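For reference, the structure discussed in these notes is given below.
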Amino acid sequence: MSNIDKTMDTPPVDTPVDTPYQAPQRRRVTTDDTEGSRAKRTVIGGPGRNAFDEVRENEKFYKEQHRDARAKNRAAAQDNENLRVLLTQAEIVIKDRQEEVHRLQVQIAECQAQMERMDYDETGLHAQIQHDQERLSNLLQQVNNAQRQAAEASAQAYQVQQAMQARDIELHQLRAQVHKQDDEVNHLRLQIQAAARAKAKATPIRRRGRVTNELFGKDPSAQLLPTLALNPAPLPAESPAEPAVVPVNPLVERFAAKMEMDVVGLTELMGVLKLALQDDNVQVAVNTKARPRKSSAKADMKKACAPETKELVLHTHSLLRRVTFEKFKVELGSDFIFHSPATERQVEDFAEAENATLSHWQWDFNTGYLDSAWNAVQMERLINAAIKEDEKGMQYIRKGEIHREFLEFVLSEQLERYRGDWKLFQPRWLPDKDRAETKAEAVARGKVMVFMRRMNSKSINAQRRKFLVRRNTTEAVIAMKETEGASDLATWNRILELLDHLQSDGMSEEEEIPKTISGQKVKAFQILLCVWREPDIAKIMRLVDMQKQRFEDIHNGTKSAVRERSKDTGNRAAPKGLPRCLYDSNWFNSLSPKQVKELKVSKEVFALFVAATERMAM
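In UniProt numbering, the protein residues as written are 1 to 618.
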């Protein structure tokens, strides 16, 4: 590369604007070109001409050099501009890098500050761990002290248990004396009731409801069980002259066959018990042994280990019931009344044996069952089964939401209920007869006590209670009339069939209303109309209610609340599947074909009542 090229490649800092090249002006010789006389120019060679040609050659060369220099200058200017753009971009990148470096420096400073704080916290944690270790040592010391105290308490509990056994013997003797006093009281009560019946012959019985005198004869208050002037209406498939067949309750028939009892005798016994149920003063022999109160410490322990929500508590009860019913092969808790428990000999042999195990499911319902080693093993087996069942679901026990201690408390309470139900149906000693109850008598007494318990339960609604009271009253009347051979026995049997058809859904609705009698507020109910029900059914129900009132007056039981009939209709829908004669004709005819189809009227043959003209004059 020549020196000129090197000089031209160096980019100038400031490049002036390119100007067009101008050749040096030459002096021209003017000639006189006149028309017809043009001078002819000739070139004469010589030194001047050669010098001139050389100058022109040099001028041409320098022009080419100048053009090349201008082109290189333009290229250099373009390169200079590109370099300026690259320099600007580089400055931007450098600025971004500087900002990033600044951010990294800030982060490094923050990390250093955080590390310093962590070092400080680590020092505090070491101090906290040391403090917790000291507390743990203190707690272990307290646990050791508690274990020693528990050992001392167990020794005291053994002494208390021995004292309680002696107390049980004393209570047994006192219970025998109480039973003897109960027998004397019952004897006096029977004398009072006999006097009350004699008095009732002269005292008219209060009657409620609009029932004609013809239904009860001329003087219905003169007897406890007046004869109804009604006969069951003959069914379409039977003759009016044929006697009505008394239906036998299948449940009673099966139970009588199982217990080897006479069906009629069992029915009479149940009727007498249901009749006695109407008297609140009637006492049934019960175990007077007081159940010890649960200590506050036990209640506090149960509360401490209970789940946080009510839903988990209910889930625990349901889980244990489901597992218990499955293992013991029962459907309800009340089925344990027929459970065959382990004998005292079996329980003693199990307690004395070493490493004894149980492979079958059987409770120990003997005295001291809560402290029985037999029941402890059975409860542990049930809890393990409940834990396995919980593993298949939400795993509340694994999560710690339900504790094993709470399962033990709940299962212990359920065992107490099962044993209490079983105890109700066990034969007891009858001092007046100097014998023990038969199995049938014990079962009948237990059913009455269970029925009384259920009647007092708030879970049974008013319609259900009304149905049960009417049905029990009817069964009691049937049992008494069967012994008398009454002429209206078939009528009461038909009433019982009517109640079995209607059930609790067929009873009228009631609304509580404010009522003031003699300046005092009393509990009263307003009876709403059943527009769907045959009107004659209301009269029959009033007959049953009047008979119940007679029982209350004779036995001085709890009086029923005041009830007033209203013209308002109830809101409950008509029950489905009843015989056609139990529906009101006007109401039934107003239904559409679709409504009649949805009603699913039963095709069973049934009829109500007709007047018994032969008994109206009695």
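Glycine residues also receive a C-beta, built at the ideal position from the N, C-alpha and C atoms.
Model, not experiment: these values are computed from the prediction.
Coil, strand or helix - residue i by DSSP
i: Trp374; result: helix
i: Trp363; result: coil
i: Ile527; result: strand
i: Asp119; result: helix
i: Asn82; result: helix
i: Arg435; result: strand
i: Pro427; result: coil
i: Thr516; result: strand
i: Phe606; result: coil
i: Lys567; result: strand
i: Asn355; result: coil
i: Val450; result: helix
i: Phe601; result: In the sequence on display, residue 601 carries Val and not Phe. Residue state, collapsed to three classes: coil.
i: Ala611; result: strand
i: Val246; result: With a pLDDT of only 43 at Val246, under the threshold of 50, the placement of this residue in the model should not be trusted; the figure read from the coordinates follows. Coil at Val246, not helix or strand.
i: Pro47; result: helix
i: Glu441; result: helix
i: Pro579; result: strand
i: Lys72; result: helix
i: Glu510; result: strand
i: Lys399; result: helix
i: Arg572; result: coil
i: Lys392; result: coil
i: Pro226; result: coil
i: Pro593; result: helix
i: Pro232; result: strand
Residues of its chain near residue i, where Cβ-Cβ distance is below 7 Å and the 5 sequence neighbours each way are ignored
i: Arg572; result: Glu509
i: Gln426; result: Ala442
i: residue 622; result: With the chain covering 1 to 618 only, the question about residue 622 has no answer from this structure.
Rounded separation between residue i and residue j - CA only
i: Asn231; j: Lys576; result: 27 Å
i: Gln526; j: Thr569; result: 11 Å
i: Arg465; j: Asn589; result: 32 Å
i: residue 620; j: Glu441; result: With the chain covering only 1 through 618, there is no way to say anything about residue 620.
i: Phe609; j: Ile513; result: 34 Å
i: Leu591; j: Ala490; result: 34 Å
i: Lys603; j: Met507; result: 22 Å
i: Leu468; j: Lys548; result: 12 Å
i: Met150; j: Pro341; result: What sits at residue 150 in the sequence shown is Ala, not Met. Using only the alpha carbons, I get a separation of about 32 Å.
i: Arg580; j: Met541; result: 19 Å
i: Ile129; j: Asp121; result: 12 Å
i: Glu391; j: Leu320; result: 14 Å
i: Gly519; j: Glu564; result: 18 Å
i: Gly393; j: Glu331; result: 22 Å
i: Ala233; j: Ile495; result: 11 Å
i: Asp168; j: Tyr158; result: 15 Å
i: Asn586; j: Val313; result: 52 Å
i: Gln141; j: Arg148; result: 11 Å
i: Arg67; j: Arg74; result: 11 Å
i: Glu110; j: Gly124; result: 21 Å
i: Val544; j: Leu499; result: 11 Å
i: Gly446; j: Lys439; result: 10 Å
i: Arg97; j: Tyr62; result: 51 Å
i: Lys515; j: Pro226; result: 32 Å
i: Ile57; j: Ala51; result: The sequence as given places Glu at residue 57; Ile does not occur at that position. Whole-angstrom Cα-Cα distance: 10 Å.
i: Ala163; j: Glu170; result: 11 Å
i: Gln463; j: Glu408; result: 38 Å
i: Glu355; j: Val377; result: First, the amino acid is wrong: residue 355 is Asn here, not Glu. Asn355 and Val377: Cα-Cα distance of roughly 11 Å.
i: Phe606; j: Asp584; result: 15 Å
Neighbourhood of residue i by C-beta, 8 Å cutoff - its chain only, sequence neighbours within 5 removed
i: Arg145; result: For the record, residue 145 in the displayed sequence is Asn; it is not Arg. Answer for Asn145: no residue qualifies.
i: Leu578; result: His501, Leu502, Gly506, Val601, Ser602
i: Glu91; result: none
i: Glu598; result: Lys576
Proximal residues to residue i (C-beta, below 6 Å), its chain only, five neighbours per side dropped
i: Met379; result: Leu411
i: Phe406; result: Cys305, Ala306
i: Ile387; result: Ile397
i: Leu529; result: Thr569
i: Arg206; result: Interpretation of Arg206 is limited by its pLDDT of 42, a score under 50 that renders its predicted location unreliable; the figure taken from the coordinates is listed afterwards. There are no such residues.
Closer than 9 Å to chain D by CB, residue i
i: Leu528; result: Here chain D cannot be found, since the structure has a single protein chain.
**Item:** Entirely enclosed alpha helix (DSSP H) segments - the region 296-341, minimum 4 residues
**Value:** 296-305, 310-328
**Prompt:** Does the region 359-373 touch the region 470-482, meaning 3 or more C-beta pairs lie closer than 8 Å?
**Reply:** no
**Item:** Inside the region 87-168 only - alpha helix (DSSP H) runs reaching at least 4 residues
**Value:** none
**Asked** Between the region 371-389 and the region 321-337, do three or more beta carbon pairs fall short of 8 Å?
**Response** yes
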